[in-house]
Structures are given as C-alpha cells and as structure tokens.
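Chains Z and W are the protein sequences, given in the same order. Under my numbering, the first residue of the first sequence carries the number 15, and numbering increases by one thereafter. Under my numbering, the first residue of the second sequence carries the number 8, and numbering increases by one thereafter. Step one of this worksheet: look at the structure below.
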Amino acid sequence: MNNQTDKSTEQYVHQLSYNYRERLVGFFVFLGFILFLGFIVVSVKNQHLFEKRVTFYIEVNSSDGITQGSIVTALGTEVGLVSSLSLAPNHKVRVAIEVYEEQHRLIRVGATALVNRLTNIGSAQIEIASSIIDAPLLEAGSTLPVEETPSLNDLLLGIANLIQTANNKDLFNKVEGILPKVEETLTNIHGIIAQIATGHGVLGAAVFDQGVERELKVVVRSGAEILSEAEGIISVAKKRLVQLEPILSDAKYMTHDLRGASEALPEMVQELHAIIAQAKIALTLINGELYEIPGVAIDAKRTLTKTDQILESVQELWPLSKKRSKSTSNQLIAPHSSYD
Amino acid sequence: MIKLYLILFMLIFVGCGGNSVNKPALLSSAESDVNEAMQAYSEEDWVSAQRLFNRALSQYQSLDDRLGALNSTINLVEVALARHDMMTARARLSLAENIVTIEGLDSYYPRMTLLNALLAIQQKQMTKANHLLSELLPIFNGVEMTVIPSIIQLVAISSRTTVAFEQKHNESLWTKRYRQAIKKSANKSITLDAGLLRFQAKLSLQQGGDDQAEAYLQKSLSIYKKTGSRTEIAGILFELGKLSKMQDKRARAVSYFKRSIIVYRSLGREDKVHEITKWLTEIKAAMMKQ
C-alpha cells in the first residue's frame, strides 16, 4: 500500500523513459538547432558585424549613385562600405569610407579611388587601387585622390547638348539663305557684259568714238557671241555654283562658325573619347557577365544533381524511408509445371 | 561524450552527402522491359512477353550483364514452352545452359534440369523426362517424403505425376505424393491446389467416379477463373466437354467445347482449336443421326 502511495506521489519526470521515436525526434530538433546556430554564425561572418573598421575619405564632385552602405572594393573584393556623406568646403561631397580592418592591408600609400557610375545603373562602384603594393599601409583618416566617371545621365545630357548646339548654329538655314544673293550677283554680271557688247552705257560711250565704233562693234559682237557661249557655260556652272559658290562667298560666316565650332572641338573629342572608353568598359563588363552565364548554368545543374543524389541517399537511409532496391530474383519467372 | 556525438553527426552528414550509386539508363530500361514482360506473361500475352524479354536480353548482353542475360534467357524458355514452340525453347535452353556452365552458376542447375524435363514432356519423351526429374525429386518413404520440398521439387513432383498419367503407371501413388508434398511445402499456392484437383479428377475418372471427377474439375475451374489463367481454364473446359461426352450429355459437351474453343482462340492456340473442333464435329454428327 505504501509503495503504491510512493509511486503516485513521485514526480512524473522521474518516470519518463524515451522510446526510439522520441529519441529520433529529439535528434532532429537538436540538429535543427545546430543548423540554426550555424546559419547565424555564417551570417555574422558575412556581414562583418563585429569587425573593426578603418575610416578613409574621398571628395567627389557629385554624390550621384553613392549612398550610405555603397560597397567599396579593392582588387575585386569587398573591403568596406560608405558610412556617411557630407559637404566639403570646396563645393565637393566628402564621402567617408569604412574599410574592414582585415582588408586594410589592401589600402596602401598612393592608392586612388575610382568612382565608377557606369557599372550599375543608379549606383556607383567605388574601387580603391593601390599602385605600389609594397608601399606602407595608408594611415586611417587619410583622404584618397579620386577619379570619377560621369553618370549615364551626364553622358546622355552631353550627347543631347551636342545635338542641340548643332541645331542652334542653324548652319543649314544660313547656307540656304545665301543662295538667292549669289544668283542675283551673277544676273548683274550678265547685264554688264551685255551693255559692253552693245557699246551702250557710260563705259561704251567713254571708251569708243564713232570711227572705231563699227570695228569695235564687230569685235565686241564676236566677243558677245563668245560671251553668249560662255553664258551657257556659266549657266551650267551656275547650278554648281549654287551649291559651291555661296559657301565660298560666305566664307566669312563659315570661318566664323567654324572658329566657334573648332573652339568646342577638343572638348568634344575628349568627351567622345571618354564615351568610347566607357562604352568599351561597359561592353567588357557585359561580356564578362555573359561569359559567366554558362558557368552559372553548369553550377546550377551540378547543384541539382547533388541535391537529387542526397535526396536519394536520404530516401535509402533507414529508418527515414522503407525504400528498398528491387531484388533481381523478381526478374525470373517462377518455376512452372508442364504447360497444356 | 559531446565529441563522440559530434563525430557521429559528422558521419551522418557524410553518409547523407555521399554519392549514391545510380543505375545506368540501359540497365533501368532492361529492368523496365523485364517488368513489363512479366506482366505480359502473367496475362498470357505470349507474343508481347517474348518481344519484351528479347529486348531485355539484348540490353543485358550489351552491358555484358551475364546474370541478367541468363534470367532473360530462362524467361524466354518458359514463354517458348507456353507457346509450345519447342524449337525456340531448345535453342534458348542451350544458351542458358552454356552461361550456367561457363559462369559456374551451380544454383541454376536444378532449374536447367527442370526445363529440360518440361521440354521432354512436351516432346512426349517420357522416359527422358522421367530420368531428368529423378535428379530433382526428394527421397520418398512410400507416400511421405523425408524433407520439406522446395518450389523446384514441388514442380518436379507435379511434372512427374503428369508423366505417370501419360505412362499410365503409378498415377495414384504420384497423385498422393503430390498431395503430401503440397501439404508439407512452405510454398502454399491455390494454383498448386488446382493442379492437384486436376490430377485427382483424372484419377477419379480412371476409377469410374465420373461425378467425383466433374466435382474436382469444377472446383479446379473456379480456382483458375480466380487467377485468370486462360490456358488452364481452356484445358479444364476441354476435359469437362470430354467427360460430358462420355456421360452422353452431348448438349453440355458441345457447350464446353465451344467455350474451350473461344478461350484457346484468344490465346492463339490454333492447334488446340483444331483438335476440339474435331470433337465438336463428331458430337454434332452423332446428334444429327438421332
């Protein structure tokens, strides 16, 4: 009787014994906890949450594409982040870069920062390049010299300005306006020659007297015929001159315009050169990405195959599954007595 | 202890992540063909079974899988025997024996002997069949046997009983031995029981017990109808027709013969159709005379 009382008053936890299934469940719960901890550790490691940092500064003309948290790279690896942006006294933007202490060894004296705004649309990539790798480490708080690329927006605006400038100069309209003047000049020359040929006018009366007038008239008539023939040639040439002569006659304006255009030419050439260089970089980057695509596809395929194999292994792992490979003895017809 | 658990976890992970052994596609295809062929065999679709076993054999041969090739060849012998294609059965059996001998697969010798005996029975070479079966039969003490018979031995006893009926010698003894063997065997099967009922019907018929024979045959027929074994159904219908004719129940005999012809025709057994048609014509002629 007393024993029964003792049993009933005993704490239930002391009576617990775990069967196999409970142990298996416990094992998986514990495994899940371990995996969760593992994920946290990996996450902390990847995000450099508790890592010391060294601050450097760069001064850029525009903060376009740079935000707090923008990634900073060196030798192609992530070395830090943009921590803050502020206005510098020289009308520039002062960008504070926090470099992980472990990556500080990649920032040497003489290092320059390249702010590349053409790598990704809307965000800039800040890359620090150290020219001499044997140089001493750059002291914390230093300001790095910086090279900036224009943003895609700036480039498009530049191209639009070029087109606008050409339009503003109104060159074509001006050439078109000169053409009637040239035509009028040629008509006048034709009239003068005709009056000389007939001996009329101030010039004919002053030069020729009555005696030689007739002889001269013959000569002049001959000359007039020649000139008439020449007129035909000139009229043919007129069409050419309509196109060419006005431009030459208006050389003054042209020279003026060209001088204005030539002033901007070196700048345009430089911009064009920059555009080509950037286009080349962009194409190289795109090409690199395209080159990586087959590799990514192969990796994805391998991963899927591995996953499939792991799943198969797990399926065949007792007691997770009762799956069994088929016995080859099933492939043989059972012995049969005589056939009718 | 914690370190031990850690090592255990690591081992489990390594086991999970290990490369599983995948079957070659050709082997999977061959196994799939064999499975389909087995299905066709159970449905007594001999043509499909033969085609699929042949394809599986080619695939096993292309992989140099000797065991797979041997099993497929044995299956082809069984199909050829079911089709009463003795020439093909002989050729396939020689091939199988060759593999068994070269590879030293001793466990297959009893099956080879049994197949040779079945072929001899089909060829009506009863002495040869008797000799071959004697190699497989267990030792008997009268009706009783000293060992628990294996499935091969059970089939051998069944075949030996068939030989006894063909030779008209010791039919009763072998029928009793077969019954005892089934009782003692661990391989219980209703088809074995149905086979015994057929032997008992034949024995009853020899002893003049027509009604008892018919009762055995009807019981056997109901079992075979459950298993859907068309060859056996057709055979029993034919036997029931012959029994009805003996009992001078002609209309009933005609009915049994016609039913048997339909089943044999569905199996493509034109030889049997021809044989039963002769019986049918005789009965109809007798009925016309009356």
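From the three backbone atoms N, C-alpha and C, an ideal C-beta is built for every residue, glycine too. Source: prediction; values computed, not measured.
Hey, could you find the ends of the beta strand (DSSP E) residue i is sitting in?
{"i": "T126(Z)", "result": "T126 to N134"}
{"i": "Y231(W)", "result": "Where Y231(W) is concerned, there is no enclosing beta strand (DSSP E), although the alpha helix (DSSP H) it sits in stretches over D217 to T234."}
{"i": "A110(Z)", "result": "V107 to Y114"}
{"i": "Y34(Z)", "result": "No beta strand (DSSP E) holds Y34(Z); the alpha helix (DSSP H) holding it covers Y34 to Q61."}
{"i": "T69(Z)", "result": "R67 to V74"}
How should residue i be labelled, buried or exposed, when 16 other C-beta atoms within 10 angstroms of its C-beta is the threshold for buried?
{"i": "Q57(W)", "result": "buried"}
{"i": "D40(W)", "result": "buried"}
{"i": "A154(Z)", "result": "exposed"}
{"i": "S141(W)", "result": "exposed"}
{"i": "H134(Z)", "result": "Going by the sequence as given, residue 134(Z) is Asn instead of His. Result: exposed."}
{"i": "S35(W)", "result": "exposed"}
{"i": "Q118(Z)", "result": "The sequence given here places His at residue 118(Z); Gln does not occur at that position. Per the 10 Å Cβ criterion, buried."}
{"i": "E38(W)", "result": "buried"}
{"i": "N130(Z)", "result": "buried"}
{"i": "P280(Z)", "result": "exposed"}
{"i": "G150(Z)", "result": "A small fix is needed here, since residue 150(Z) is Pro in this sequence, not Gly. Classification for P150(Z): exposed."}
{"i": "K279(W)", "result": "buried"}
{"i": "R205(W)", "result": "buried"}
{"i": "L101(Z)", "result": "exposed"}
{"i": "V310(Z)", "result": "exposed"}
{"i": "S249(Z)", "result": "exposed"}
May I have the straight-line CA-CA distance separating residue i from residue j, to the nearest angstrom?
{"i": "N167(Z)", "j": "F42(Z)", "result": "55 Å"}
{"i": "A163(W)", "j": "I189(W)", "result": "12 Å"}
{"i": "L224(W)", "j": "T198(W)", "result": "13 Å"}
{"i": "T120(W)", "j": "N105(W)", "result": "13 Å"}
{"i": "Q284(Z)", "j": "V56(Z)", "result": "48 Å"}
{"i": "L250(W)", "j": "Q345(Z)", "result": "39 Å"}
{"i": "K30(W)", "j": "L70(W)", "result": "12 Å"}
{"i": "I290(W)", "j": "H91(W)", "result": "28 Å"}
{"i": "K256(W)", "j": "I230(W)", "result": "24 Å"}
{"i": "L74(W)", "j": "E277(W)", "result": "35 Å"}
{"i": "L286(Z)", "j": "Y114(Z)", "result": "38 Å"}
{"i": "T238(W)", "j": "K285(W)", "result": "19 Å"}
{"i": "P145(W)", "j": "Q160(W)", "result": "7 Å"}
{"i": "V84(W)", "j": "P349(Z)", "result": "11 Å"}
{"i": "A258(W)", "j": "S157(W)", "result": "44 Å"}
{"i": "G216(W)", "j": "G149(W)", "result": "25 Å"}
{"i": "T163(Z)", "j": "V86(Z)", "result": "16 Å"}
{"i": "S166(W)", "j": "D72(W)", "result": "32 Å"}
{"i": "I72(Z)", "j": "A314(Z)", "result": "40 Å"}
{"i": "P103(Z)", "j": "A110(Z)", "result": "15 Å"}
{"i": "P117(W)", "j": "H138(W)", "result": "13 Å"}
{"i": "Q292(Z)", "j": "L132(Z)", "result": "7 Å"}
{"i": "E50(W)", "j": "Y353(Z)", "result": "15 Å"}
{"i": "M93(W)", "j": "L122(W)", "result": "11 Å"}
{"i": "I240(W)", "j": "S262(W)", "result": "14 Å"}
{"i": "P333(Z)", "j": "Q66(W)", "result": "For P333(Z), the predicted model reports a pLDDT of 48, less than 50, meaning its position is unreliable; a value from the coordinates is still stated below. C-alpha separation (whole angstroms): 34 Å."}
{"i": "S175(Z)", "j": "V58(Z)", "result": "Note that residue 175(Z) is Asn in the sequence shown, not Ser. N175(Z) and V58(Z): Cα-Cα distance of roughly 49 Å."}
{"i": "E242(W)", "j": "I283(W)", "result": "Inspection of the sequence shows that residue 242(W) is occupied by Gly rather than by Glu. Roughly 10 Å between the two C-alpha positions."}
Look at the Cβ atom of residue i, then the Cβ atom of residue j, and state whether they are nearer than 8 Å.
{"i": "L102(W)", "j": "T80(W)", "result": "yes"}
{"i": "I74(Z)", "j": "V160(Z)", "result": "Looking at the sequence shown, residue 74(Z) is not Ile but Val. For V74(Z) and V160(Z), yes; Cβs fall inside 8 Å."}
{"i": "N78(W)", "j": "A44(W)", "result": "no"}
{"i": "A220(W)", "j": "A208(W)", "result": "yes"}
{"i": "S95(Z)", "j": "S77(Z)", "result": "A small fix is needed here, since residue 95(Z) is Leu in this sequence, not Ser. Their beta carbons are not under 8 Å apart, which means L95(Z) does not touch S77(Z) by this criterion."}
{"i": "F264(W)", "j": "G248(W)", "result": "yes"}
{"i": "L287(W)", "j": "R266(W)", "result": "no"}
{"i": "L126(W)", "j": "L64(W)", "result": "no"}
{"i": "I155(W)", "j": "S196(W)", "result": "no"}
{"i": "E246(W)", "j": "Q187(W)", "result": "no"}
{"i": "T69(Z)", "j": "E116(Z)", "result": "no"}
{"i": "L203(W)", "j": "Y185(W)", "result": "yes"}
Taking the continuous alpha helix (DSSP H) assigned at residue i, which residues delimit it?
{"i": "F264(W)", "result": "R257 to L274"}
{"i": "E7(W)", "result": "This structure cannot speak to residue 7(W), because chain W is shown only from 8 to 297."}
{"i": "G94(Z)", "result": "First-last for G94(Z): T91 to L101, but that is the beta strand (DSSP E), not the alpha helix (DSSP H)."}
{"i": "S141(W)", "result": "M133 to S141"}
{"i": "E7(W)", "result": "Outside the displayed range of chain W (8 to 297) lies residue 7(W), so it cannot be described from this structure."}
{"i": "I128(W)", "result": "Y116 to Q129"}
{"i": "T80(W)", "result": "R73 to A89"}
{"i": "A149(Z)", "result": "Counting along the chain, A149(Z) falls outside any alpha helix (DSSP H), and DSSP gives it neither H nor E."}
If you measure from the CB of residue i, is any heavy atom of the ligand FMN nearer than 7 Å?
{"i": "I240(W)", "result": "No copy of the ligand FMN occurs in the structure displayed, which carries no ligand at all."}
Stretch pair the segment 116 to 133 of chain W + the segment 80 to 100 of chain W: three plus CB contacts closer than 8 Å: Contact between the segment 116 to 133 of chain W and the segment 80 to 100 of chain W is present, because at least three Cβ pairs lie under 8 Å.
Using 8 Å as the Cβ pair cut-off and three pairs as the minimum, do the segment 152 to 172 of chain W and the segment 181 to 196 of chain W touch? Three or more Cβ pairs drawn from the segment 152 to 172 of chain W and the segment 181 to 196 of chain W lie within less than 8 Å of each other, which places the two stretches in contact.
With three or more beta-carbon pairs closer than 8 Å as the criterion, would you say the segment 112 to 130 of chain Z touches the segment 139 to 147 of chain Z? Put simply, the segment 112 to 130 of chain Z touches the segment 139 to 147 of chain Z. At least three CB pairs are less than 8 Å apart.
Flag this pair as touching only if the segment 126 to 140 of chain Z and the segment 45 to 53 of chain Z have three or more C-beta atom pairs under 8 Å; answer yes or no. Flag = no, the segment 126 to 140 of chain Z and the segment 45 to 53 of chain Z do not touch.
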